[in-house]
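Numbers 16 to 311, taken from the working numbering, label the letters of the sequence shown in order. Backbone N, C-alpha and C define an ideal beta-carbon position, used for all residues, glycine too.
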Amino acid sequence: MKDRKYLFVVNPKAGKGQTKKIVPLLERKGAKLGIECKFMYTSSKGDGEAFARSARSEGFTHVVGLGGDGTSHEIVNGLIGSDIIFGTVPSGSGNDFPQAAEIPIEPERAAQTVFNGNVRIVDVGKLGGRYFINGLGIGLDGAVANRFKSFRLLGGQAAYLISSVIEALTFEGFNAELSIGEWSYSGKILLAGASNGHTQGGFKLAPEAKVDNGTLDFHIIRDMEPFSRLVKIPKVLKGNYREIEEMDIKRDQKMEITLFDQMPAHMDGQSFYLVPGTHRIEVVPGALKVMSLHNT
Numbered sequence: 016m017k018d019r020k021y022l023f024v025v026n027p028k029a030g031k032g033q034t035k036k037i038v039p040l041l042e043r044k045g046a047k048l049g050i051e052c053k054f055m056y057t058s059s060k061g062d063g064e065a066f067a068r069s070a071r072s073e074g075f076t077h078v079v080g081l082g083g084d085g086t087s088h089e090i091v092n093g094l095i096g097s098d099i100i101f102g103t104v105p106s107g108s109g110n111d112f113p114q115a116a117e118i119p120i121e122p123e124r125a126a127q128t129v130f131n132g133n134v135r136i137v138d139v140g141k142l143g144g145r146y147f148i149n150g151l152g153i154g155l156d157g158a159v160a161n162r163f164k165s166f167r168l169l170g171g172q173a174a175y176l177i178s179s180v181i182e183a184l185t186f187e188g189f190n191a192e193l194s195i196g197e198w199s200y201s202g203k204i205l206l207a208g209a210s211n212g213h214t215q216g217g218f219k220l221a222p223e224a225k226v227d228n229g230t231l232d233f234h235i236i237r238d239m240e241p242f243s244r245l246v247k248i249p250k251v252l253k254g255n256y257r258e259i260e261e262m263d264i265k266r267d268q269k270m271e272i273t274l275f276d277q278m279p280a281h282m283d284g285q286s287f288y289l290v291p292g293t294h295r296i297e298v299v300p301g302a303l304k305v306m307s308l309h310n311t
């Protein structure tokens, strides 16, 4: 490889403000290896993507995110289609993708992996013109991601669990039409989504999903009474989806879903609303190079 040149995209709000403390560690390691490093700090939504896009014309070989899956989501949307290698030093409230891609969570080991790990080629998911690295959810889990922002100070899985319980009691199921390969469904559901990694918000929605198998694991949960939802949420948390008769997981390259109403949704934990109509969710195989412990 040509001389390495690293851009670090730092989300100073991630990790309850502790992320900035990791910067000196990376500066020391980069200097020791004689690698040119530049640090840029996000201050508003979209900065990570903009910084990553600018890296394409400035000769950077690696772009590394310091933050959670939301920071990674922005960076990756700026990198897709380039040869730049992505890395992450996880420090956010949601670090599902690093676990799926075999990237250490502990800062010292993550920093070591960023500079001296292996280049792993992984898939990404796509909805319209946007990409996701770990997961997408429509319906209940979209509402959970939106409510999660109110409990962010609690951090990580605790905030996600509280948000899930509240939405389990209040969220109304919705009508949808779904098609995955030869399988189809029309009726009332709680949620539908796609997993590239095996967890979303710490929940093992697709415990057998792999980031490099050329497919996504699509999950659908049909509507049920609020009490049943509360009983079954812990089973999803532990990955025991086979015990939930209302849940289906289908592994494929694409899913089409038709919505009749606007629905809350998320990509990599970043909440938004999906408009009525037919939407295609698909895998883009081998679209991203990632620094990982894993040997490709």
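Test item: CB-CB of residue i and residue j under 7 Å
i	j	result
residue 82	residue 26	yes
residue 90	residue 24	yes
residue 63	residue 160	no
residue 303	residue 101	yes
residue 232	residue 259	no
residue 203	residue 130	no
residue 295	residue 271	yes
residue 215	residue 143	no
residue 246	residue 137	no
residue 248	residue 158	no
residue 234	residue 220	yes
residue 139	residue 148	yes
residue 254	residue 222	yes
residue 11	residue 74	Any question about residue 11 goes unanswered here, given that the chain covers just 16 to 311.
Enclosing alpha helix (DSSP H) for residue i [first to last residue]
i	result
residue 315	Outside the modelled stretch of the chain, which goes from 16 to 311, sits residue 315, for which no answer is possible.
residue 226	Residue 226 -> no alpha helix (DSSP H), and no H or E assigned at all.
residue 42	38-48
Contact set for residue i: own chain, Cβ-Cβ below 6 Å, skip 5 residues either direction
i	result
residue 29	82, 83, 106, 107
residue 86	26, 63, 80
residue 328	Outside the modelled stretch of the chain, which goes from 16 to 311, sits residue 328, for which no answer is possible.
residue 52	21, 45
Residue range of the beta strand (DSSP E) that includes residue i
i	result
residue 253	No beta strand (DSSP E) contains residue 253, which is instead part of the alpha helix (DSSP H) from 241-253.
residue 22	20-25
residue 213	Where residue 213 is concerned, there is no enclosing beta strand (DSSP E), given that its DSSP letter is neither H nor E.
residue 77	77-82
residue 292	292-307
Cutoff 7 Å; reference residue i; Cβ partners in own chain excluding five residues on either side
i	result
residue 189	154, 203, 204, 276, 278
residue 78	22, 24, 67, 70, 90, 94, 99, 101
residue 230	266, 267, 268, 298
residue 200	193, 235
residue 310	133
Closest Cα partner of residue i within the set the options
i	options	result
residue 19	70, 56, 57, 282	70
residue 145	289, 120, 235, 22	289
residue 267	216, 293, 250, 298	298
residue 196	229, 269, 34, 213	269
residue 291	261, 219, 273, 300	273
residue 181	115, 50, 241	241
residue 210	111, 128, 119	111
residue 228	239, 213, 250	213
residue 293	226, 194, 225	194
residue 123	103, 141, 115	103
residue 65	76, 88, 49	88
Please give me, in chain order, every unbroken run of the alpha helix (DSSP H) with length at least 4 that falls completely inside the stretch 95-150.
111-115, 122-131
Which whole runs of the beta strand (DSSP E) in the stretch 259-283 are 3 residues long or more, in chain order?
Those beta strand (DSSP E) runs which fall completely within the stretch 259-283 and span 3+ residues are 262-267, 269-274, 278-282.
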